[in-house]
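Before any comments, here is the structure.
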Amino acid sequence: MALSCMRCSPAAGAVRRGLASAAPPAALSFARCGLRRAAALGWRVAAVATTGVQGAKDAGLEKAARSASQSKVENGSPSEIILDDFEDLSPLSENDDSTVSITVVGASGDLAKKKIFPALFALYYEDCLPKHFTIFGYARSKMTDAELRNMVSKTLTCRIDKRENCNEKMEEFLKRCFYHSGQYDSEEHFMDLDKKLKQHEGSRVSNRLFYLSIPPNIFLDVVKCASKSASSGNGWTRVIVEKPFGRDSDSSSALTRGLKQYLVEDQIFRIDHYLGKELVENLSVLRFSNLVFEPLWSRQYIRNVQLIFSEDFGTEGRGGYFDRYGIIRDIMQNHLLQILALFAMETPVSLEAEDIRNEKVKVLRSMKPLQLEDVVIGQYKSHTKGGTTYPGYTEDKTVPKDSVTPTFAAAALFINNARWDGVPFLMKAGKALHTKGAEIRVQFRHVPGNLYKRSFGTDLDTATNELVIRVQPDEAIYLKINNKIPGLGMRLDRSNLNLHYAARYSKEIPDAYERLLLDAIEGERRLFIRSDELDAAWELFTPLLKELEEKRIAPELYPYGSRGPVGAHYLAAKYNVRWGDLTTEQKA
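Quick note: the sequence shown uses my numbering, first residue 33, plus one each step.
So this is what it looks like as C-alpha cells:
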C-alpha cells in the first residue's frame, strides 16, 4: 500500500504528536490501515483516526482528538494530508496499552468458516488489526484450540496477493485464535469466557467485539449473557448482528427492544454485507465527486432505475431456512432496498455516519408501501438442460411440497419527493436464473428532438443512454452512448465508456466482510443499519408480505435456469420499461 513507504514532513510530525497525545491508545492502533483506506476511498481522515474505536464514554477524548487534527484538515484537503504527510503509522501503536478481543459466536457454522475468519485473516495480513488482539470462537460444539485452528486453516488463503511470508502470517494469526465451548443461554459459560479473555488481555484496556453468526432466535440469549457476564470493564463492547432482523415490522421491533435492554444503539452493528461491496460504497463517490453525474441525478433526466440480483443456483439443501423467509425478505427488503436508499438520498451534510444514515431514512420514509399490483412473484420448477435435470424448489427435501414461498420477485417502488416523483425504481431478485450477478441500471430519458432518430428507427429505447454499475461479479461501471461508426456513411451504434475494475486496478478487491469488520472495530457506522432505518424498511414491505401469506398467493412457475417468470416483463411494461439485463448488449 502506498502509505507504508511515505515519509512525514515536519508539519505532519506535529500533527501526529497531537493525535498521539489527544486520541486514546485504541484509536492509534488502526491509524495506519484507517488512513490507507481513507486514501483509497477519499473520505475524512480525522474521523477514522480519532472517532472510530471509541465508545460513548470516550466522547471527551474524541472531541480533543478531532480538535488536535482540525488545523491540518482546514489547511489542506484529506487527500493532501494522506498522500503528502503520512508515513507508515504502525510505530504509533507500539506503546498501545489496549487490546481488542473478537469473539465469533457460532464459530463452527458455515458463515464463520467461509467468511468471518478469512476476513479477519485478510485484515491481519494487511496490518489492519491492532498490535494486541485475540480471536475467540464460541459455540456449543466441543472443540479444542488446536481443532479450531485446524478448521479455520482450511478456509484461509493467501488470495490477497502473492507476497512473501504469507504462510508465516497464517501461523501467527492462528496462534491468536482460541476456542471456548458453551451454551448460548448460559451466563456461567460466558463468565468462563470472560475469564479466558481477561487472561489474554492482561492489564491492558480491553475492547470487545462479539460477532453473532447464529440464528436470530438466539440473538437475545447471547446478548443478555454477553452483556451481563463478558462485557469489557474499561473499554468498549460492540455486537455485530447478522440478518435477518425479524420477519416483519412487529418481530423486528421486538428484536430491537430486546437488544436495547442490554445494549445502547451505538453498540449495535446490524450488518448487511452488500453495503460493504466496493461498487456499492463507490456510489456516493461516483455521484457526489463527479460534476457530470449529480446534475443528472433526478426525474428530469432519469427515466427509471433498476436494481437487479440473480443467482444461477437454487436452495441446494438450504430450503428449510429459505422457506421461512423467501426472496423478498432475504434479498429485496435489505440488500436491494439499502442500495436504493444510498442511490436516491439527498446530499448529506457530511460524510459522518449519522448524516448519511439520516438521508437514507428520509428516502425510505418518502416511499409508499408496496402494493400487490406492483409485485410479481415466482418459484422455480424442475428443468432438463443438456442432459442434466435440475430439481424444482419443492423437490428440495427440506421444503414442504405445497410451499408457495417465492424464489423470485419483481417490484416497482416509488419515492414521493421532488427529486424522484414519478420515477419507477424496479427491483428484481431471483434464484435458479440464467445468470449470476448484481447490478444497478440507470436508464436516462430520450433525447428531445433527437436529430438522429431516423438512424434508430421507431424504437427509441435503443438510443437511450444507460449507466450500469455492476456490483458483482467482474465489477465494472460503464455508460452506454451512441456513436458514429467510422466510415463515409452515417451509421450509428451503441458503445460503452467502460471502467472495468480488473483491467484498471491490479489489486484484488477486498471482500465485503473485511471492510465491515474493520469498520466495526474502528467504530465507523456508515455502512451499518440504524434502528429507525430498519423500522422504515419493514414498514414498506410488511403489508405486502402479510397479504401474500394470508391469501397464500401462488407464485408463477418458471424453469430452473431461465430468465424468470413472464409476469416480470409485464410489470416492467406497465411503466414503459424494459429490463436492461435481458437485452442484447456488448459485454463490458
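Idealized CB from N, CA, C, for every residue including glycine.
Judged by their CB atoms, A441 and M364 are nearer to each other than the 8 Å cut-off. Contact between K228 and F210 holds, since their C-beta atoms are separated by about 7 Å, short of 8 Å. Counting only residues of its own chain and dropping the five nearest sequence neighbours on each side, I300 has a CB closer than 7 Å to the CB of V271, V273, L291. Per DSSP, the continuous alpha helix (DSSP H) segment holding V255 begins and ends at 251 to 261.
Its chain contains V137, G138, F251, V254, V255, V271, I272, V273, E274 as the residues whose beta carbon lies nearer than 8 Å to that of L244, once the 5 sequence neighbours on both sides are disregarded; these appear in chain order. Separation of G593 and G418 (C-alpha to C-alpha, rounded to the nearest whole angstrom) is 12 Å.
As the crow flies, the alpha-carbon of T189 is around 54 Å from that of P480.
F345 carries a coil assignment under DSSP once its states are collapsed to helix, strand and coil. Across the set T131, H367, M183, V474, the C-alpha of M183 shows the shortest separation from the C-alpha of P150.
Distance check between Y590 and each of Y607, T426, R610 places T426 closest, using alpha-carbon atoms only. For I371, the closest of I388, V381, G358, T420 by C-alpha to C-alpha distance is I388.
Within 10 angstroms of the beta-carbon of I501 lie 16 or more other beta-carbons, which makes it buried.
Between H367 and D304, the C-beta gap is smaller than 8 Å, which places the two residues in contact. In the three-state DSSP reduction, M399 falls in the strand class (E or B).
For G169, the enclosing beta strand (DSSP E) stretches over residues 165 to 171. Spanning the alpha carbons of I553 and L287 requires a straight line of approximately 23 Å. Ranked by Cα distance from Y157, the first of G169, D129, L206 is L206. Your pair F476 and Y333 checks out as a contact, with CB atoms roughly 6 Å apart and the cut at 8 Å. Counting along the chain, P432 sits inside no alpha helix (DSSP H), nor does DSSP assign it H or E at all. When the Cα atoms are used, Y216 and V395 turn out to be separated by approximately 37 Å.
Residue pairing by DSSP places H212 opposite Y170 in a beta bridge. Looking at T467, D525, I513, the one whose alpha-carbon comes closest to that of D506 is T467. Taking the Cα of S235 as reference, the smallest distance to any Cα among E204, K429, P248, G267 is reached at G267. Taking a 10 Å sphere around the C-beta of G265, we find fewer than 16 other C-beta atoms and assign the residue as exposed. Counting along the chain, the unbroken alpha helix (DSSP H) around M223 starts and ends at 219 to 233. In the DSSP assignment, R473 falls outside any alpha helix (DSSP H) and lies within the beta strand (DSSP E) extending over 469 to 476. In the same chain as L549, and ignoring 5 residues on each side of it, the C-beta atoms closer than 6 Å to its own belong to A151, in chain order. Going by C-alpha positions, D129 is about 29 Å away from E220. Around the Cβ of L520, a 10 Å sphere holds fewer than 16 other Cβ atoms; the residue is exposed. It is roughly 42 Å from the alpha-carbon of L225 to the alpha-carbon of R397.
With a beta-carbon spacing of about 7 Å, D543 and A154 fall inside the 8 Å limit used to define contacts. Annotation for V455: no beta strand (DSSP E) segment contains it, and DSSP assigns it neither H nor E. L524 has K516 as its beta-bridge partners, per DSSP. For R270, the pairing in a beta bridge is given by DSSP as L241. The way I'd put it, the segment 455 to 464 does touch the segment 343 to 350; three or more beta-carbon pairs between them come closer than 8 Å. Counting C-beta atoms within 10 angstroms of its own C-beta, E297 has fewer than 16 neighbours from the protein chains shown and is therefore classed as exposed.
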